[in-house]
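To start, the structure itself, in C-alpha coordinates.
Residue numbers (our numbering): 1 to 155.
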(Lines of atoms letter the chains of each structure in order from A and count residues from 1; the text may use other names and numbers.)
(Lines give C-alpha, C1' and ligand atoms only; values in the text may rest on other atoms or scores of the structure.)
Protein backbone atom coordinates (compact mmCIF):
# COMPACT_ATOMS: atom_id res chain seq x y z
CA UNK A 1 0.00 0.00 0.00
CA UNK A 2 1.18 3.51 -0.69
CA UNK A 3 -0.28 6.72 0.71
CA UNK A 4 0.37 10.36 -0.07
CA UNK A 5 0.72 12.46 3.07
CA UNK A 6 0.33 16.10 2.03
CA UNK A 7 1.06 17.59 5.46
CA UNK A 8 1.97 16.92 9.08
CA UNK A 9 -1.67 16.31 10.03
CA UNK A 10 -1.92 13.53 7.44
CA UNK A 11 1.24 11.94 8.83
CA UNK A 12 -0.21 12.07 12.34
CA UNK A 13 -3.47 10.60 10.99
CA UNK A 14 -1.50 7.63 9.64
CA UNK A 15 -0.01 7.21 13.13
CA UNK A 16 -3.53 7.26 14.61
CA UNK A 17 -4.63 4.62 12.10
CA UNK A 18 -1.66 2.46 13.10
CA UNK A 19 -2.72 2.83 16.75
CA UNK A 20 -6.13 1.42 15.83
CA UNK A 21 -4.57 -1.44 13.86
CA UNK A 22 -2.18 -2.31 16.69
CA UNK A 23 -4.54 -1.94 19.65
CA UNK A 24 -3.34 -5.32 20.96
CA UNK A 25 0.37 -4.59 20.51
CA UNK A 26 2.93 -5.63 17.93
CA UNK A 27 6.03 -4.30 16.20
CA UNK A 28 6.18 -1.42 13.71
CA UNK A 29 9.34 -0.36 11.88
CA UNK A 30 9.60 3.23 10.63
CA UNK A 31 12.17 3.76 7.89
CA UNK A 32 13.22 6.81 5.90
CA UNK A 33 15.74 9.62 5.71
CA UNK A 34 16.19 12.29 8.36
CA UNK A 35 13.27 14.69 8.52
CA UNK A 36 10.67 12.65 6.60
CA UNK A 37 8.24 12.37 9.51
CA UNK A 38 9.02 9.19 11.46
CA UNK A 39 8.66 10.92 14.82
CA UNK A 40 5.60 12.86 13.59
CA UNK A 41 3.96 9.54 12.72
CA UNK A 42 4.92 8.15 16.14
CA UNK A 43 3.40 11.25 17.78
CA UNK A 44 0.08 10.64 16.00
CA UNK A 45 0.14 7.05 17.23
CA UNK A 46 0.88 8.02 20.85
CA UNK A 47 -1.77 10.75 20.91
CA UNK A 48 -4.36 8.34 19.47
CA UNK A 49 -3.59 5.97 22.35
CA UNK A 50 -4.17 8.76 24.87
CA UNK A 51 -0.75 10.30 25.51
CA UNK A 52 -1.22 14.01 26.13
CA UNK A 53 2.38 15.18 26.47
CA UNK A 54 5.15 15.82 24.00
CA UNK A 55 6.50 12.97 21.89
CA UNK A 56 10.17 13.33 21.10
CA UNK A 57 12.46 11.01 19.26
CA UNK A 58 14.58 9.10 21.79
CA UNK A 59 17.73 9.64 19.73
CA UNK A 60 20.08 9.83 22.71
CA UNK A 61 18.31 7.40 25.06
CA UNK A 62 17.47 4.74 22.41
CA UNK A 63 14.07 4.03 23.97
CA UNK A 64 11.25 6.10 25.43
CA UNK A 65 8.68 4.06 27.39
CA UNK A 66 4.99 5.01 27.49
CA UNK A 67 3.92 2.46 30.07
CA UNK A 68 0.67 4.16 31.10
CA UNK A 69 -0.81 3.67 27.62
CA UNK A 70 -2.82 0.65 26.59
CA UNK A 71 -1.11 -1.16 25.07
CA UNK A 72 2.20 -0.12 26.61
CA UNK A 73 4.37 1.54 23.96
CA UNK A 74 8.14 1.49 23.64
CA UNK A 75 9.45 4.00 21.11
CA UNK A 76 12.97 3.22 19.90
CA UNK A 77 15.23 5.45 17.79
CA UNK A 78 18.29 3.53 16.63
CA UNK A 79 19.90 6.36 14.63
CA UNK A 80 22.84 6.62 17.05
CA UNK A 81 23.12 2.90 17.77
CA UNK A 82 26.81 2.01 17.73
CA UNK A 83 26.53 -1.77 17.54
CA UNK A 84 23.38 -3.87 17.07
CA UNK A 85 24.54 -6.11 19.93
CA UNK A 86 23.81 -3.18 22.30
CA UNK A 87 20.13 -3.99 21.79
CA UNK A 88 20.65 -7.55 22.97
CA UNK A 89 22.47 -6.28 26.07
CA UNK A 90 19.62 -3.90 26.91
CA UNK A 91 17.10 -6.73 26.52
CA UNK A 92 15.18 -5.54 23.46
CA UNK A 93 13.32 -8.85 23.21
CA UNK A 94 11.84 -8.24 26.68
CA UNK A 95 10.22 -5.05 25.38
CA UNK A 96 8.49 -7.05 22.64
CA UNK A 97 6.73 -9.45 25.00
CA UNK A 98 3.48 -9.19 26.88
CA UNK A 99 1.33 -7.37 24.35
CA UNK A 100 3.39 -4.17 24.11
CA UNK A 101 3.50 -2.02 20.98
CA UNK A 102 7.09 -1.45 19.89
CA UNK A 103 7.78 1.35 17.41
CA UNK A 104 11.31 1.36 15.99
CA UNK A 105 12.80 4.23 14.00
CA UNK A 106 15.91 3.40 11.93
CA UNK A 107 15.44 -0.39 12.21
CA UNK A 108 18.09 -0.97 9.53
CA UNK A 109 20.72 -0.02 12.16
CA UNK A 110 19.94 -3.28 13.98
CA UNK A 111 20.33 -5.75 11.15
CA UNK A 112 20.61 -9.30 12.39
CA UNK A 113 19.07 -8.52 15.78
CA UNK A 114 15.49 -7.55 14.96
CA UNK A 115 13.02 -9.99 13.50
CA UNK A 116 10.57 -8.99 10.78
CA UNK A 117 7.86 -6.61 12.03
CA UNK A 118 4.11 -6.94 11.55
CA UNK A 119 4.27 -3.59 9.75
CA UNK A 120 7.01 -1.62 8.03
CA UNK A 121 6.35 2.00 7.05
CA UNK A 122 8.80 3.57 4.60
CA UNK A 123 8.49 7.35 4.53
CA UNK A 124 9.96 9.50 1.74
CA UNK A 125 9.81 13.03 0.36
CA UNK A 126 7.11 13.38 -2.30
CA UNK A 127 7.02 16.88 -3.75
CA UNK A 128 5.45 19.18 -1.20
CA UNK A 129 4.53 16.33 1.14
CA UNK A 130 5.54 12.79 1.97
CA UNK A 131 4.74 9.31 0.78
CA UNK A 132 4.27 6.29 3.01
CA UNK A 133 4.79 2.82 1.61
CA UNK A 134 3.33 0.29 4.01
CA UNK A 135 4.29 -3.38 4.08
CA UNK A 136 1.97 -5.43 6.27
CA UNK A 137 -0.55 -8.27 6.34
CA UNK A 138 -4.09 -8.13 4.96
CA UNK A 139 -5.79 -7.63 8.33
CA UNK A 140 -3.73 -4.59 9.25
CA UNK A 141 -3.98 -3.23 5.70
CA UNK A 142 -7.77 -3.41 5.96
CA UNK A 143 -7.86 -1.55 9.27
CA UNK A 144 -5.50 1.12 7.90
CA UNK A 145 -7.57 1.55 4.74
CA UNK A 146 -10.76 2.04 6.75
CA UNK A 147 -9.14 4.44 9.20
CA UNK A 148 -7.55 6.55 6.47
CA UNK A 149 -10.44 6.54 3.99
CA UNK A 150 -11.36 10.13 4.77
CA UNK A 151 -7.83 11.40 5.42
CA UNK A 152 -4.81 11.16 3.15
CA UNK A 153 -5.07 9.93 -0.43
CA UNK A 154 -4.10 6.44 -1.48
CA UNK A 155 -2.22 5.80 -4.72
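All C-beta atoms, glycine included, are put in the ideal place defined by N, C-alpha and C.
Computed from a predicted structure; not experimentally measured.
Pick helix, strand or coil for residue i, following the three-state DSSP scheme.
i           : result
residue 2   : strand
residue 136 : strand
residue 75  : strand
residue 145 : helix
residue 33  : coil
residue 15  : helix
residue 7   : coil
residue 20  : helix
residue 64  : strand
residue 126 : strand
To which residues does DSSP link residue i through a beta bridge?
i          : result
residue 85 : DSSP, once it has assigned bridges, lists no residue as partnering residue 85.
If residue i and residue j are in contact, beta carbons under 8 Å, what's the gap, nearest whole angstrom?
i          : j           : result
residue 57 : residue 77  : 5 Å
residue 38 : residue 105 : 5 Å
residue 84 : residue 109 : 7 Å
residue 74 : residue 46  : Going by Cβ atoms, the distance from residue 74 to residue 46 rounds to 11 Å, so no, they are not a contact pair.
residue 27 : residue 43  : Residue 27 to residue 43, Cβ: 18 Å. No contact.
residue 5  : residue 132 : 6 Å
Excluding the 5 residues preceding and the 5 following residue i in the sequence, name in chain order all residues of the same chain whose CB lies nearer than 7 Å to its CB.
i           : result
residue 140 : 21, 118 and 119
residue 14  : 3, 5, 41, 44, 132, 148 and 152
Excluding the 5 residues flanking residue i on each side, which residues of the same chain have their C-beta closer than 6 Å to its C-beta?
i           : result
residue 134 : 1 and 121
residue 29  : 104, 107, 117 and 120
Just to confirm my understanding: we take residue i, look at its own chain, exclude 5 residues before and 5 after, and list those with CB closer than 8 Å. What are they?
i           : result
residue 111 : 84
residue 90  : 62 and 63
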